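Enquirer: Starting off with a structure, shown below.
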Amino acid sequence: MRKLLSIRYIILFSLALASSYARAGDTIVYKASLTATGASGKFAPYFLASNRHGKITQAWNGVAELNMHKALNVGSRFSYGYGVGVEAGYSSSVPYERFDVQSSTWHSVDRHPSRVMLGSLYGEVKYRSIEACVGMKETGSAMLSDRLSSGDLVHSANARPVPGVKVGFHDFQDVPFTNGWLQIDGELFYGRFADDGWWRKYYNYYNYHIADGVWLVYRRAYFRSKASKPLRVTVGAQCATQFGGSTTTYAGGLVQSVQHRGTSFRDFFKAFLPISNGSEDFRIGNTLGSWDMRADYALRGIDIGAYFQWPWEDGSGMAKRNGFDGLWGLEIRLKSFKPVSGLVIEYLDMTNQSGPVHWAPDYVPGTTLTSPATGADDYYNNVLYNSYANYGMVMGTPMVMSPIYNVDGYPAVAFNRLRGIHLGIEGRITPQMEYRALFNHRKAWGSGYIPLLNPVSSTSVMVEAALRSIFGSGLNLKISLAGDCGKMPGDTFGTMVTLSYNGSLTQFRL
């Protein structure tokens, strides 16, 4: 009841703000939508769940959503904006396995997403080329297409946003004394995960570990050549670190250890670099990231972009000792050919992981094996922290099966040694009708620490049609058909229907 009252107050407060600013002539954009999904399996098909900010996961859903925001004025020296998004409705339940240490038996518990969720709530301000944002704002990749790509390796649109504070550049800015030939873009984000309750609800309490009170620092820096030239090149890196909090480790249903790390002011600084925390850990927190590069060439009527993202989990990956691992892609944009306006082809490889062994002599005093071996990168997993996920959905590429799909209650990314191909295409059939089609095939061999004797695979496809501005109004209809064939997590076929209305409160002069 308290949650419902809080959501109600947020909506009323947002409407009051919107009304006052509408009188001043500001543009307050809103969107109200109803979404219904149905599928034959336990979960929604891959493409109905992936890169949708974690809003749809179950097979059956009926969700109403209200979003409203005031965007920044890019042309103004000083500008501010804000936004709020609320979701409410029904989602089907899925049984998860849980261990009872008192009786030494396993039993099932039904789990489903919260009936009411706060999707976004933020305020932002811009001065000249610098902007800051406080709260939860849905964002995606700074380099890839969230609509057509399989997903960014570090910062995709696959999971719900983490609440926090972000400071960075507003788009690319000219580096002084380069006459525009070199531009820079980047951001720094500090936030705290708010999904502790989710991990406790879905965990099997038998093996592995769960952490709570964990913080996240994300930083990104991209450099780009002159944007006005036909050929422009973007290079840079992303880096994310989980730090702080407490971790409880289980074995056979019994607690083996509880580690409290705390969060001091110095920890925030050490996690940013990151540097040693002065204890048995070499570096504070769990750090992962990617080296990114993209080259775009503009021709008459067509833009062609080629890109790669090289993932890393430690120093070996940063030094590119993980072989061919990475996301390799090609994006084509047709400016005047409406039937096909965008095309993406990608290949993902995560099978090397810098080799199968990680050995740190400092962890074992007195050992005669003094040479280190930095391998077994185990992408998105860590020995002390939760997997790199929020509310069960991986914050990197959704091609890696998220922990929410582990119905045995295992809280880690189980299949991160994989290869996959991905295709995406979109276009316009009529001035009001758009379409999008996605195809994906992936094959996994388990993880570096828990390999599979027999690999698992999955093939996914989706066809989507959207009818915009029905009857010349802001009413829109979108229908998606999708299906999966394989064991990641299983065979399923389903559909999604979304009816939405877009409008602006400046139309009403309240």
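Under our numbering, the first residue of the sequence shown is numbered -12, with each subsequent residue one higher. Glycine residues also receive a C-beta, built at the ideal position from the N, C-alpha and C atoms. No experiment lies behind these values; they were computed from the predicted model shown.
(1) Does the pairing of the region 320 to 335 with the region 403 to 410 give three or more beta-carbon distances under 8 Å?
(2) Near residue 318, which residues of its chain fall below 6 Å by C-beta distance, leaving aside the five closest residues on each side in sequence?
(3) By how many angstroms is the C-alpha of residue 227 removed from the C-alpha of residue 9?
(4) Could you please give the first and the last residue of the uninterrupted alpha helix (DSSP H) stretch that includes residue 93?
(5) Can you find the residues in the same chain that come closer than 6 Å, C-beta to C-beta, to residue 131, ignoring five residues on each side of it along the sequence?
(6) Give me the residue from 428, 78, 308 and 123 with the minimum Cα distance to residue 102.
(7) Would residue 326 count as contacting chain B if we go by Cβ distances under 8 Å?
(8) Can you tell me the Cα-Cα spacing of residue 429 and residue 353, whole angstroms?
(9) Would you grab the beta carbon distance between residue 57 and residue 14 for me? Rounded to a whole angstrom, and I think it's under 8 Å.
(10) Tell me, to the nearest whole angstrom, how far the beta carbon of residue 431 is from that of residue 450; I am working on the premise that it is less than 8 Å.
(11) Tell me which same chain residues have a C-beta within less than 6 Å of the C-beta of residue 106, skipping the five on either side of it?
(12) Starting from the C-beta of residue 135, find all residues in its chain whose C-beta is less than 8 Å away, skip the five residues before and the five after it, and write them out in chain order.
(13) Check each candidate in 200, 149, 302 and 141 and name the one with the smallest Cα separation from residue 177.
(14) For residue 204 and residue 417, what's the separation of their Cα atoms in angstroms?
(15) Along the chain, where does the alpha helix (DSSP H) that runs through residue 259 open and close?
(16) Which of the three DSSP states is assigned to residue 426 in this structure?
(17) In chain order, which beta strand (DSSP E) runs of at least 3 residues are fully inside the region 25 to 75?
(18) Could you check if residue 247 is buried or exposed, using at least 16 other CB atoms within 10 Å of its CB as the buried criterion?
(19) When you compare each of 162, 374 and 188 to residue 97 by their alpha carbons, which one comes out closest?
(20) Between the alpha carbons of residue 300 and residue 215, how many angstroms are there, rounded?
(21) Identify every run of the beta strand (DSSP E) within the region 150 to 196, keeping only runs that are complete inside it and at least 3 residues long; order them along the chain.
(22) Figure out for me which residue from 314, 284, 289 and 251 has the closest Cα to the Cα of residue 276.
(23) Skipping 5 residues on each side, what residues in its chain have a beta carbon closer than 6 Å to that of residue 146?
(24) To the nearest angstrom, how far is the alpha carbon of residue 141 from that of residue 384?
(25) Report all residues from its chain with a CB closer than 8 Å to the CB of residue 363; omit the five preceding and five following residues, and keep chain order.
(26) Take the Cβ of residue 456 as the centre, count every other Cβ of all protein chains shown within 10 Å, and call the residue buried at 16 or more, exposed below.
(27) CB residue 161 to CB residue 155, shorter than 8 Å?
(28) For residue 49 and residue 59, I'd like the C-alpha separation in whole angstroms.
(29) Taking DSSP as the reference, what is the three-state secondary structure of residue -9?
(30) State the beta-bridge partners of residue 237 as determined by DSSP.
(31) In the DSSP output, which residue or residues are listed as bridge partners for residue 465?
(32) Name the two residues that bound the continuous beta strand (DSSP E) containing residue 104.
(33) With DSSP as the reference, label residue 77 as helix, strand or coil.
(34) Among 183, 207, 192 and 210, which has the Cα closest to the Cα of residue 198?
(35) Looking at the strands, I want to know which residues DSSP matches up with residue 420.
(36) Find the nearest neighbour of residue 211 within the set 36, 169 and 68, judged by alpha-carbon distance.
Expert: On the basis of the coordinates in this document:
(1) They touch, by the three-pair rule.
(2) Closer than 6 Å at the Cβ level, and outside the excluded window around residue 318, lie 292 and 331.
(3) Because the pLDDT of residue 9 is 45, which lies under 50, any placement of that residue in the model is unreliable, and the number read from its coordinates should be weighed accordingly. Between the alpha carbons of residue 9 and residue 227 lies a distance of about 39 Å.
(4) In the DSSP assignment, residue 93 falls outside any alpha helix (DSSP H) and lies within the beta strand (DSSP E) extending over 92 to 98.
(5) Answer for residue 131: 139, listed in chain order.
(6) Closest by alpha carbon: 78.
(7) Judged by its chain identifiers, the structure shown contains no chain B, having just a single protein chain.
(8) Approximately 43 Å between the Cα atoms of the pair.
(9) Between residue 14 and residue 57 the Cβ distance is about 7 Å, and since that is below 8 Å, they are a contact.
(10) Here residue 431 is actually not in contact with residue 450; their C-beta atoms are around 25 Å apart, not less than 8 Å.
(11) Correct list, in chain order: 72 and 74.
(12) Cβ neighbours of residue 135 within its own chain (closer than 8 Å, five residues either side excluded): 318, 329, 330, 331, 411, 412, 413, 423 and 425.
(13) Ranking the options by Cα distance to residue 177, first place goes to 149.
(14) One alpha carbon belongs to residue 204, the other to residue 417, and they sit about 44 Å apart.
(15) Per DSSP, the unbroken alpha helix (DSSP H) holding residue 259 starts and ends at 252 to 259.
(16) Strand, per DSSP.
(17) Unbroken beta strand (DSSP E) stretches of 3 residues or longer found wholly inside the region 25 to 75: 48 to 57, given in chain order.
(18) Around the beta carbon of residue 247, fewer than 16 other beta carbons lie within 10 angstroms, which makes this residue exposed.
(19) Nearest C-alpha to residue 97: 188.
(20) Computed Cα separation, rounded: 35 Å.
(21) Complete beta strand (DSSP E) runs here, min 3: 151 to 156 and 169 to 179.
(22) The candidate whose alpha carbon is nearest that of residue 276 is 314.
(23) Counting only Cβ-Cβ distances below 6 Å, and skipping sequence neighbours, we find 41, 377, 380 and 382.
(24) If I take the Cα positions, the gap works out to 7 Å.
(25) These residues qualify, in order along the chain: 340, 341, 342, 343, 344, 345, 435 and 436.
(26) Residue 456 is classed as exposed because its beta carbon has fewer than 16 other beta carbons within 10 Å across all chains shown.
(27) The answer is no: Cβ separation not under 8 Å.
(28) Cα-Cα distance, rounded: 32 Å.
(29) Note on residue -9: pLDDT 45, under 50, position unreliable in the model; no value is reported.
(30) The partner list for residue 237 (beta bridge, DSSP) reads 195 and 242.
(31) According to DSSP, residue 465 bridges with 453 and 485.
(32) From DSSP, the beta strand (DSSP E) with residue 104 extends over 103 to 114.
(33) Looking at residue 77 - three-state DSSP - the assignment turns out to be strand.
(34) Of all alpha-carbon atoms in 183, 207, 192 and 210, the one lying nearest the alpha-carbon of residue 198 is that of 183.
(35) DSSP output for residue 420 lists 454 as bridge partner(s).
(36) Selection 36, 169 and 68 evaluated against residue 211 yields 169 as nearest (Cα-Cα).
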